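Protein chains in written order, with this note's numbering: chain G, 19 to 166; chain S, 130 to 317. Built from N, CA and C at the ideal position, the CB exists for glycine as well. For clarity, every value in this text was computed on a predicted model and none was experimentally measured. Reading through the C-alpha cells given below for one structure.
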Amino acid sequence: MSVLILAIQVLFVLVVIFNIILNVSLGAKYKQIAKLSSDMTAKSRVVTDVRNVNDKIILYRSVTGSRESYSDKLDSVLIPVRETSELVSLNVESKNAKLSVRADRPLQAGLLIAKILDNESVSEIILTSAELRSRDQAYIVGFEVVFK
Amino acid sequence: MIFFKDLEIRYVREIESRTEKKATLYLIMLVFTLVVFGYFGIVRGVVSLREKNRMIGEFDQIISNLNANLEKVSMLEPILQSEKVRVLHKSITTDPEHQNFMEEFVKVSSGNGYIVEKMDFNKTSGHENKIIAEASLRGSIDTAGDLLENFHQLERLVSVEKITITPISNRPNEYLLRISMYIYYVEK
Chain G
19 MSVLILAIQV
29 LFVLVVIFNI
39 ILNVSLGAKY
49 KQIAKLSSDM
59 TAKSRVVTDV
69 RNVNDKIILY
79 RSVTGSRESY
89 SDKLDSVLIP
99 VRETSELVSL
109 NVESKNAKLS
119 VRADRPLQAG
129 LLIAKILDNE
139 SVSEIILTSA
149 ELRSRDQAYI
159 VGFEVVFK
Chain S
130 MIFFKDLEIR
140 YVREIESRTE
150 KKATLYLIML
160 VFTLVVFGYF
170 GIVRGVVSLR
180 EKNRMIGEFD
190 QIISNLNANL
200 EKVSMLEPIL
210 QSEKVRVLHK
220 SITTDPEHQN
230 FMEEFVKVSS
240 GNGYIVEKMD
250 FNKTSGHENK
260 IIAEASLRGS
270 IDTAGDLLEN
280 FHQLERLVSV
290 EKITITPISN
300 RPNEYLLRIS
310 MYIYYVEK
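In C-alpha cells, the structure reads:
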C-alpha cells in the first residue's frame with residue numbers, strides 16, 4: 019500500500035513538472051505572438067494599401083469586363099444617317115438606341131433601315147413613329163435600334 | 130535509562146500487536162493521497178496539461194499565420210511602388226476627386242474637335258463608389274465615334290452609360306452631345 023501512495027505522489031510531481039514546462043513554453047509563445055503582432059501593426063499601412071489596391075483591381079476588372087464600346091454602336095447608326103438623311107436626335111444606351119431623322123422622301127428612311135441593318139452589331143430596328151411635317155414637307159421618322 | 134528502554138519495547142509491542150490500527154492508518158493515508166494528490170493534483174493537473182497543449186497548438190497556428198502574413202506583406206511592399214499600381218491609382222482614385230479627370234476629358238474632347246460646354250459631377254447614392262459625370266459637348270458628329278473610343282484611353286477609368294445627340298439650330302453640322310458616364314474611386 020505504501021508503494022501505491024508513493025507512486026501517486028511521484029505521478030503528481032511529474033504532472034506538476036510538465037505543467038511548469040508547458041507554462042514556460044506558453045509564455046515564450048505568447049511573447050513571440052506579441053512581437054509578431056507588433057511587427058504586423060507596424061506594417062498596417064502597407065496592409066491597408068494592399069487591401070485598397072486589391073479592391074481597385076477587382077473594380078477595374080469588373081468595369082472593364084462589362085464596359086461596352088459605344089463608338090461602334092454610335093458609328094453603326096451615325097454613318098448610315100449621314101449617308102441618307104438628317105439627324106434630329108439620337109439617344110444611345112447600352113442595349114438600344116432611339117433615333118429620329120428627317121428625310122425628304124420616304125425612300126430615304128427605307129434606305130436608312132437597310133444600311134443600319136447591314137451592320138453586324140444591330141439585331142433589330144423598330145419603327146416607332148413616322149410623320150409628314152407640313153411646314154417643310156419633310157418626313158420625321160423615329161426608330162428604335164436594338165443592338166446584339 | 131533502563132526505564133526508557135523498557136517503555137520503547139512496550140510501545141512497539143503495543144503497536145505491532147494492534148495490526149488493525151496499522152491498516153486503518155495506511156487506509157487513511159491512501160484515501161488522503163488519492164483525494165489530495167490524485168483528484169486535486171493529478172486529475173486536475175492532467176486536464177490543465179491537455180488545455181495547455183491545445184493552447185500551444187493554437188499559438189503555433191497563430192504564429193504560423195502571422196509569419197505567413199508578414200512574409201506576404203514584405204513581398205507585396207515593393208509591388209505597391211510599381212508602375213502598374215501607380216497607373217491603377219490614377220485609373221481609380223482613392224478619393225472622389227474629379228479635377229484631373231475634367232482636365233483630361235477637356236483635352237481629349239478638344240483633340241477630337243469638341244468644345245466642352247458644361248460638366249456636372251454627382252455622387253451616386255448607395256454603396257457604389259462611383260461618380261456620375263455628365264458632359265455637354267459641341268461639335269461635329271463625324272468624330273463622335275473616335276471621341277468615345279478615346280475615352281477608353283483616358284487615365285481615369287470611365288464607363289459611358291448614355292449618349293444623346295441633337296443638332297444645334299442655326300448652326301449647320303454642329304451638334305450637341307450629352308454624355309453620361311461613370312468614374313470610379315475606392316476609399317481606403
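query                                                                                                                                                                         : result
Which whole-angstrom value describes the C-beta separation of L108 of chain G and I244 of chain S, a residue pair presumed to lie in contact below a C-beta threshold of 8 Å? : With 8 Å as the limit, L108 of chain G and I244 of chain S do not qualify as a contact, their Cβ atoms being about 19 Å apart.
Could you tell me the distance, in whole angstroms, from the CA atom of R179 of chain S to the CA atom of R173 of chain S?                                                    : 10 Å
Checking 7 Å against the spacing of the C-beta atoms, do E162 of chain G and N114 of chain G come in under that value?                                                        : yes
Determine which residues of the region 161-186 of chain S have a Cβ less than 8 Å from any Cβ of chain G, and write them out in chain order.                                  : T162, L163, F166, G167, G170, I171, G174, V175, S177, L178, K181, N182, M184, I185
Using a Cβ cut-off of 9 Å, pull out every chain B residue sitting near R85 of chain G, in sequence order please.                                                              : Among the chains of the structure shown, chain B does not appear; the protein chains present are G and S.
Since I143 of chain G is in the beta strand (DSSP E), which residue starts that stretch and which ends it?                                                                    : 140-151
Does the region 206-220 of chain S come within contact of the region 63-70 of chain G, defined as at least 3 CB pairs closer than 8 Å?                                        : yes
Taking all protein chains shown into account, decide if K259 of chain S is buried (16 or more other Cβ within 10 angstroms of its Cβ) or exposed.                             : buried
Tell me V119 of chain G's beta-bridge partners as DSSP assigns them.                                                                                                          : G:L105, G:V159
For a contact meaning CB atoms closer than 7 Å, what does E206 of chain S contact in chain G?                                                                                 : V64
From the DSSP output, in three-state form, read off K291 of chain S for me.                                                                                                   : strand
Give the DSSP-derived three-state secondary structure of Y243 of chain S in the structure shown.                                                                              : coil
Per DSSP, which residues does Y311 of chain S bridge with? Please list them.                                                                                                  : S:I261, S:S288
From this set, S:G274, S:S265, S:A264, S:P296, which residue's C-alpha is nearest S94 of chain G's C-alpha?                                                                   : S:G274
Determine, for V81 of chain G, whether the minimum Cβ-Cβ distance to residues of chain S falls below 7 Å.                                                                     : yes
Can you tell me which of the three DSSP states L306 of chain S falls into?                                                                                                    : strand
For chain G, check one thing: does any of its Cβ atoms lie closer than 7 Å to the Cβ of L209 of chain S?                                                                      : yes
Using only the alpha-carbon positions, how far apart do N251 of chain S and K291 of chain S sit?                                                                              : 15 Å
Taking a cut of 7 Å between CB atoms, which residues from the region 111-138 of chain G lie near chain S?                                                                     : E111
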